[in-house]
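A.B. asks:
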Amino acid sequence: MDAITLLALIICGLAGGFINTVAASGATVVVPSMIGLGLEAGVANGTSRLAAVAGLATATWRFHQAGAIPWLLTLKATVPMVIGATAGSLWATSLSDQWITLAIAGSLLFVLICLITQPTRLLQQQEPGTDDTETKLGPSFYLLMAATGFWAGFIALGSGVMTLLVLVLAGGIPLKTANILKCFVRLSSSLVALLIFGLRGDINWLWALPLALSGMAGAHLGARLALSDGATQLIFRALIAVVGLEVLSFLWRLGLPQNLMGALA
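Numbers given in my numbering equal positions in the sequence shown, counted from 1, plus 207.
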């Protein structure tokens with residue numbers, strides 16, 4: 208690995224860890240960057256999981272130290288997420304890069320539409336009480352968390368946004384609390400995915416290490432920001448920006464802008 212590649216991985220790790228904590232999927236930065244640096248898409252998908260685990264573990268610890276995690280509620284959301292992630296990670300190794308890219312582009316466009324059309328509910332300011340049992344979760348919530356876990360195991364990109372949408376819109380959890388809860392939920396699913404991708408040989412450990420170390424630093428900064436006043440507005444705006452960039456990134460990878468320009472020429 209040359210110095211330029213190492214520097215690029217460190218920068219990507221910082222950005223990915225920060226985004227994972229403050230908004231949604233840091234893989235938005237990490238995976239496309241690794242592909243651009245020459246890594247195969249499938250290996251990039253697996254390699255990003257170590258950075259996700261390191262960053263989300265750092266953020267979870269910071270939130271725990273601040274007493275901000277509603278643990279009973281978090282564990283209820285984690286179980287179906289892990290079950291889904293196990294199935295999704297196993298399935299990820301059986302599909303071609305082309306199908307994965309198409310699935311990503313379509314799902315991210317759907318998530319972006321959901322974010323734009325549901326701002327009022329996402330921006331609700333009231334926080335739940337200290338008793339986790341005050342938040343009632345129905346069967347649809349658990350099914351949606353399992354489906355989200357499947358996607359998180361299958362491909363990391365967009366899974367953070369989907370997790371937040373389910374927690375807020377299906378679980379009735381305020382955005383700021385859901386963003387904190389999301390870190391442990393995604394940490395658990397990322398650990399499962401890391402194990403499966405590692406056993407399948409789809410992780411470049413030489414690239415994964417600098418990504419993980421810098422991702423921890425980015426997550427530390429992101430956790431401090433996520434606990435600050437006005438975090439709800441910031442998280443929502445970051446979500447819109449992140450998902451918009453994800454959609455544009457994968458439309459570009461599909462070659463749609465190039466084809467359009469060619470047709471107009």
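The C-beta atom is built at its ideal place from N, Cα and C for all residues, glycine as well.
DSSP on Ile211, reduced to helix/strand/coil?
C.D. replies: Helix at Ile211.
A.B. asks: With 8 Å set as the bound, which would you pick, yes or no: does the beta-carbon of Ile218 sit closer than that to a beta-carbon of chain D?
C.D. replies: In the structure shown, chain D does not exist; there is a single protein chain.
A.B. asks: Can you tell me which of the three DSSP states Ile362 falls into?
C.D. replies: Correct three-state label for Ile362: coil.
A.B. asks: Output the distance between the C-alpha atoms of Trp298 and Ala273, rounded to the nearest integer angstrom.
C.D. replies: Looking at the two C-alpha atoms, the distance is approximately 37 Å.
A.B. asks: For Gly256, is the classification buried or exposed, using 16 other Cβ atoms within 10 angstroms of its Cβ as the cut-off for buried?
C.D. replies: Here residue 256 turns out to be Arg, not Gly, going by the sequence shown. Per the 10 Å Cβ criterion, buried.
A.B. asks: Could you spell out the range, first to last residue, of the alpha helix (DSSP H) harbouring Val250?
C.D. replies: Per DSSP, Val250 belongs to the alpha helix (DSSP H) from Ala248 to Gln272.
A.B. asks: Whole angstroms are fine: how far does the CA of Val368 sit from the CA of Leu420?
C.D. replies: About 23 Å.
A.B. asks: Report buried or exposed for Ile226, applying the criterion of at least 16 other Cβ atoms within 10 angstroms of its Cβ.
C.D. replies: Its Cβ being crowded by 16 or more others within 10 Å, Ile226 is buried.
A.B. asks: Taking Arg431 as the reference, give the member of Ala266, Thr300, Ile217 and Ala292 with the closest Cα.
C.D. replies: For the residues Ala266, Thr300, Ile217 and Ala292, the minimum Cα distance to Arg431 belongs to Ala266.
A.B. asks: By DSSP, does Val454 sit in helix, in strand, or in coil?
C.D. replies: Here Val454 sits in helix by DSSP.
A.B. asks: State the start and end residues of the unbroken alpha helix (DSSP H) segment that holds Ala385.
C.D. replies: Unbroken alpha helix (DSSP H) run through Ala385: Leu382 to Leu406.
A.B. asks: Would you report the Cα separation of Lys283 and Met352, rounded to the nearest angstrom?
C.D. replies: Taking the straight line from one Cα to the other gives about 10 Å.
A.B. asks: Quick check on DSSP: helix, strand or coil for Lys343?
C.D. replies: Lys343 falls in the coil class under three-state DSSP.
A.B. asks: Just the C-alpha distance for Gly422 and Ala251, rounded to the nearest angstrom, thanks.
C.D. replies: Each residue's alpha carbon lies about 15 Å from the other.
A.B. asks: List the whole-angstrom C-beta distance separating Ser397 from Leu263, where the pair is believed to meet the contact cut-off of C-beta under 8 Å.
C.D. replies: Between Leu263 and Ser397 the Cβ distance is about 6 Å, and since that is below 8 Å, they are a contact.
A.B. asks: What distance in whole Å lies between the Cβ atoms of Ala359 and Arg393, which are believed to be in contact at a cut-off of 8 Å?
C.D. replies: With a Cβ gap of about 7 Å, Arg393 and Ala359 count as contacting.
A.B. asks: So, Leu364 versus Val238, is the Cβ gap smaller than 8 Å?
C.D. replies: In this structure, Val238 lies closer than 8 Å to Leu364 by Cβ.
A.B. asks: Give the secondary structure of Pro277 by DSSP, where H, G and I count as helix, E and B as strand, and everything else as coil.
C.D. replies: Coil.
A.B. asks: Here's a check: name, in chain order, each residue in its chain whose Cβ is nearer than 7 Å to the Cβ of Gly425, leaving out the five neighbours to either side.
C.D. replies: Gly220, Leu221, Ala222, Gly223, Gly224, Phe225 and Gly262.
A.B. asks: Assuming Gly356 and Pro277 are in contact, meaning their beta carbons sit under 8 Å apart, how far apart are those beta carbons, in whole angstroms?
C.D. replies: So it is not a contact: roughly 19 Å between Cβ atoms.
A.B. asks: Nearest-angstrom Cα distance between Leu376 and Ile211?
C.D. replies: Looking at the two C-alpha atoms, the distance is approximately 42 Å.
A.B. asks: DSSP on Arg304, reduced to helix/strand/coil?
C.D. replies: The amino acid at residue 304 is misidentified as Arg; the sequence shows Asp. Helix, per DSSP.
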